[in-house]
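Peer 1:
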Amino acid sequence: MNWNDVIRYANNGNLKPDRRIEKTDAEWKKLLTEEEYRVTRQKGTERAFSSDVCSSFEPGIYACVCCGTLLFDASEKFESGTGWPSFTQPIKDNAVAHHKDTSFGMVRVETTCNTCDAHLGHVFPDGPAPSGLRFCMNAVSLKKVEASDEVPG
Numbered sequence: 043m044n045w046n047d048v049i050r051y052a053n054n055g056n057l058k059p060d061r062r063i064e065k066t067d068a069e070w071k072k073l074l075t076e077e078e079y080r081v082t083r084q085k086g087t088e089r090a091f092s093s094d095v096c097s098s099f100e101p102g103i104y105a106c107v108c109c110g111t112l113l114f115d116a117s118e119k120f121e122s123g124t125g126w127p128s129f130t131q132p133i134k135d136n137a138v139a140h141h142k143d144t145s146f147g148m149v150r151v152e153t154t155c156n157t158c159d160a161h162l163g164h165v166f167p168d169g170p171a172p173s174g175l176r177f178c179m180n181a182v183s184l185k186k187v188e189a190s191d192e193v194p195g
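For the sequence shown, position 126 matches number 168 in my numbering, and the numbering has no gaps at all.
#1: Measure the alpha-carbon distance for residue 80 versus residue 90 and round it to whole angstroms.
#2: Specify the secondary structure class of residue 73 as computed by DSSP and reduced to three states.
#3: Here's a check: name, in chain order, each residue in its chain whose Cβ is nearer than 6 Å to the Cβ of residue 125, leaving out the five neighbours to either side.
#4: Can we say the stretch 176-190 touches the stretch 110-129, given the rule of at least three CB pairs closer than 8 Å?
#5: Quick check: what's the CA-CA separation for residue 150 versus residue 45?
#6: Are the beta-carbon atoms of residue 218 and residue 108 separated by less than 9 Å?
#7: For residue 183, does the count of other Cβ atoms within 10 angstroms reach 16, so buried, or fall short, so exposed?
#8: Where do the ends of the beta strand (DSSP E) carrying residue 49 lie?
#9: Taking DSSP's pairing of strands, which residues face residue 108 in a bridge?
#10: Does DSSP put residue 89 in a helix, a strand or coil?
#11: Starting from the Cα of residue 88, find the closest Cα among 188, 162, 173, 187 and give me that residue.
#12: With a 10 Å radius around its C-beta and 16 neighbouring C-beta atoms as the bar for buried, classify residue 169 as buried or exposed.
#13: In whole angstroms, what separates the C-alpha of residue 113 from that of residue 72?
#14: How far does the beta strand (DSSP E) with residue 165 in it extend, from its first residue to its last?
#15: May I ask you to report which of helix, strand or coil DSSP gives residue 193?
#16: Any idea what DSSP makes of residue 67, helix, strand or coil?
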């Protein structure tokens with residue numbers, strides 16, 4: 043995946059997810075902490091440098107905190123200096139959805155879990171080679187798991 047792919051998805055629609063999970067607001071509130079709910083369901087942003095996940099580079103897989111869908115492999119994680127965990131690629135092209143975001147007077151590309159629509163963060167074209175992408179994620183949107191730990195929502 044590269045920046046042209048991201049823009050194409052944001053403008054023309056995303057790849058079909060492997061599965062879909064939909065819950066009511068009340069159901070999400072029962073499953074998530076207040077901060078997880080604020081960030082993932084209300085498109086919030088955690089404070090920069092507020093999580094140890096930024097400085098952790100141990101092997102593993104990161105899944106959506108809401109539905110357990112596998113999103114990122116730690117081998118694609120890098121130190122961006124931004125205060126949020128950053129990755130160069132999702133684990134699969136259809137794991138993350140891309141949406142044009144014009145909030146706060148900026149034009150950005152929002153990333154969401156393609157399975158449950160949880161807000162994850164944004165993607166930018168200033169990451170390292172070869173993809174040149176920086177998936178700048180809210181740590182509270184992610185949970186570290188083993189690949190075999192994916193849980194159905």
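Virtual Cβ for every residue (Gly too), placed ideally from N, Cα, C.
Every value quoted in this text rests on a predicted model; they were computed, and no experiment measured them.
Peer 2: Looking at the atomic coordinates:
#1: Rounded to whole angstroms, residue 80 to residue 90 spans 15 Å at the Cα level.
#2: Taken through DSSP and simplified to helix, strand or coil, residue 73 comes out as helix.
#3: Here the set comprises 90, 91.
#4: Taking one beta carbon from each stretch, the stretch 176-190 and the stretch 110-129 have 3 or more pairs nearer than 8 Å; the two touch.
#5: Rounded to the nearest angstrom, the two C-alpha atoms are 12 Å apart.
#6: Outside the shown range of the chain, which is 43 to 195, sits residue 218, and nothing can be said about it.
#7: With 16 or more Cβ atoms within 10 Å of its Cβ, residue 183 is classed as buried.
#8: Residue 49 -> not in any beta strand (DSSP E); alpha helix (DSSP H) instead, spanning 45-54.
#9: Beta bridge pairing from DSSP links residue 108 with no other residue.
#10: Coil at residue 89, not helix or strand.
#11: With distances taken between Cα atoms, residue 88 lies closest to 162.
#12: Answer is buried; the Cβ neighbour count reaches 16.
#13: As the crow flies, the alpha-carbon of residue 113 is around 23 Å from that of residue 72.
#14: Under the DSSP assignment, residue 165 falls in the beta strand (DSSP E) whose first and last residues are 161-166.
#15: Below a pLDDT of 50, predicted positions are generally treated as unreliable, and residue 193, at 49, falls in that range; the measurement from the model is reported next regardless. The answer is coil: DSSP assigns residue 193 none of H, G, I, E or B.
#16: Helix.
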